[in-house]
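Chemist: Residues in the sequence shown are numbered consecutively from 4, following this note's numbering. Backbone N, C-alpha and C fix where the C-beta goes; we use that ideal spot for every residue, glycine too. Every value quoted in this text rests on a predicted model; they were computed, and no experiment measured them. Structure below; questions to follow.
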Amino acid sequence: MDYSFADVNLNEAQDLKTVPSGEYKVVIVDTEVNEEKYYFLIKLEVEGQDAFTKRVRHFVFFPKPDDDREKKNNKLLGLKRFCQAFGIDQAQLRDPDTFVGKRGTAILKEKDDGQYGLQNEVGSFSAFRG
4 MDYSFADVNL
14 NEAQDLKTVP
24 SGEYKVVIVD
34 TEVNEEKYYF
44 LIKLEVEGQD
54 AFTKRVRHFV
64 FFPKPDDDRE
74 KKNNKLLGLK
84 RFCQAFGIDQ
94 AQLRDPDTFV
104 GKRGTAILKE
114 KDDGQYGLQN
124 EVGSFSAFRG
């Protein structure tokens, strides 16, 4: 057999990088839903960066039926801030695929994750600015 697709130049591979901590314009490029654990996984790209910049993964949690009042409020507050930052209305929460392409502003932190190395995480979202 001829596996010609295996003729690749491994020297073309580049390590992915993060951005320094700061405020950035971001765009939602993908969403995943975990109904069992009550969350959306939002994948963000930092605008103006090259293809070798790591995507930012952000979890948006929904209240569970057994959450106490404080935990429920914290989750709702996080969800509200996320929606405000990206101009997402409550009706769109039932179809997270509609989030793709929405833009917002986030305060990103650079964090060294012991398992995956340097990562960016969302510290907070700036208010939706149109």
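1) Whole angstroms is fine: what's the gap from Tyr42's alpha carbon to Glu73's?
2) Leu111 and Phe55 - do their beta-carbons sit closer together than 8 Å?
3) So, helix, strand or coil for Gly133, using DSSP?
4) In angstroms with no decimal places, state the Cα-to-Cα distance between Val49 and Ala94.
5) Glu48 by DSSP, collapsed to three states: which one?
6) Can the beta-carbon of Val11 be found less than 8 Å from the beta-carbon of Val103?
7) Tell whether a beta-carbon distance below 8 Å holds between Glu124 and Val59.
8) To the nearest angstrom, how far is it from the Cα of Phe85 to the Cα of Pro66?
Modeler: Looking at the coordinates:
1) 17 Å
2) no
3) Because the pLDDT of Gly133 is 43, which lies under 50, any placement of that residue in the model is unreliable, and the number read from its coordinates should be weighed accordingly. Looking at Gly133 - three-state DSSP - the assignment turns out to be coil, as it is neither helix nor strand.
4) 26 Å
5) strand
6) no
7) yes
8) 15 Å
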